[in-house]
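Quick notes on the structure that follows.
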Amino acid sequence: MDIKSNIDSIKAKLPENVTLIAVSKTKPISMLLDAYNAGQRHFGENYVQELVEKHELLPSDINWHFIGHLQSNKVKYIAPFVYLIHGVDSFSLLKEINKQALKNNRTINCLLQIYIAKEESKFGLDAQEVENLLITKEFSELTHINIVGLMGMATNTEDEAILHKEFESLNTLFKYLKANIGNKPNLNLQEISMGMSSDYEIAIKHGSTMIRVGSSIFGVRNYNQ
Ligand SMILES: *Cc1c(COP(=O)(O)O)cnc(C)c1O
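Residue numbering for the sequence shown follows the numbering used here, beginning at 1451 and increasing consecutively.
Okay, here's the thing in structure tokens:
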């Protein structure tokens, strides 16, 4: 397993405006260091405790992305250092992130997770819910968060027609929100986080600016997480 050549071959396929996030959940520090030494600076983790531990052990110029499902009572552990929280799917979570950001005297960048897949189990807001959230007065009062874009996960399928349709639906919503709500002090839509190892090339065709890639860099994970 040559992590550097995996990263290089993915990067060679990416347009300049697309950020590669190396998803390192369950992988040992030595592998993350291999990626770091290959120039990788954006890493994604799904579990709070694992993220905190890895952050403490690795160089300080890494941008840490939290890409899992975040529970409100754990925000405080990552608030001091997290670079971007991808999976925000409720106002109450956003409120807690704002509170912890304030305590740490910083602004925390977030993506709102949008439900685009057919599967029942996926988290996220739908188009109406996200619009409703962004136009409330309560939202404008959250001065220590910055919503920089949207995140979505497509259905786990090899049917490319479904993938195209789901990624395009996120792109359409992104453009709609940009045109109809526009920017606010805490809303600056720039990023669409979509695409994983199996589907990132399709996601890029539909405007992805951040791909979250794990197994194509680090190899398959030992257990299903
Ligand atoms: C694990 C995970 C990924 C990476 O998945 P791969 O198929 O290994 O590339 C991307 N996004 C999220 C939200 C994940 O949980």
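Quick reminder that beta carbons are idealized off the backbone N, C-alpha and C, glycines included.
- Query: If you draw a straight line from the C-alpha of H1594 to the C-alpha of R1556, how long is it?
  - Reply: In the sequence shown, counting from the first residue as 1, residue 1594 sits at position 144. In the sequence shown, counting from the first residue as 1, residue 1556 sits at position 106. If you take the alpha carbons of H1594 and R1556, they lie about 7 Å apart.
- Task: Give the DSSP-derived three-state secondary structure of Q1675 in the structure shown.
- Result: Numbered from its first residue, the sequence shown carries residue 1675 at position 225. Only weak support exists for where Q1675 lies, its pLDDT of 47 falling under 50; the value from the coordinates is given anyway. Residue state for Q1675 is assigned as coil, using DSSP reduced to three classes.
- Message: Looking at ligand 1, does it come within less than 7 Å of M1481, judged from the CB to the closest heavy atom?
- Response: Along the sequence shown, read from residue 1 onward, the residue named residue 1481 stands at position 31. False, no ligand heavy atom lies under 7 Å from that Cβ.
- Query: Residue range of the alpha helix (DSSP H) that I1631 falls in?
  - Reply: Within the sequence shown, the letter at position 181 stands for residue 1631. No alpha helix (DSSP H) contains I1631, which DSSP labels as neither H nor E.
- Query: From H1519, D1539, S1647 and L1552, pick the residue whose C-alpha is nearest to that of S1459; which is it?
  - Reply: Position 9 of the sequence shown holds residue 1459. Comparing Cα-Cα distances from S1459 to each of H1519, D1539, S1647 and L1552, the minimum goes to S1647.
- Check the DSSP bridge columns for N1559 and list the partner residues they point to. The residue labelled residue 1559 in the question sits at position 109 within the sequence shown. DSSP, once it has assigned bridges, lists L1534 and N1596 as partnering N1559.
- Query: By a C-beta neighbour count over all protein chains shown, 10 Å radius and 16 as the cutoff for buried, is I1566 buried or exposed?
  - Reply: Residue 1566 sits at position 116 when you count from the first residue of the sequence shown. By the neighbour-count rule (16 or more Cβ atoms within 10 Å), I1566 is buried.
- Could you tell me whether any non-hydrogen atom of ligand 1 is closer than 7 Å to the CB of S1474? The sequence position of residue 1474 within the sequence shown is 24, counting from 1. For ligand 1, not one heavy atom lies less than 7 Å from the Cβ of S1474.
- Query: When the Cα atoms are used, what is the spatial distance from D1609 to G1632?
  - Reply: What you label residue 1609 is simply residue 159 of the sequence shown in a count that begins at 1. What you label residue 1632 is simply residue 182 of the sequence shown in a count that begins at 1. Cα to Cα, the separation comes out at about 34 Å.
- Over what stretch of residues does the alpha helix (DSSP H) that includes L1544 continue unbroken? Position 94 of the sequence shown, counting from 1, holds the residue named residue 1544. It spans F1541 to K1553 - the alpha helix (DSSP H) in which L1544 sits, taken as one unbroken run.
- Query: Looking only at C-alpha atoms, which of L1600, L1613 and A1604 sits nearest to Y1626?
  - Reply: The count along the sequence shown starts at 1 and reaches residue 1626 at position 176. When each option's Cα is compared against that of Y1626, the closest is L1600.
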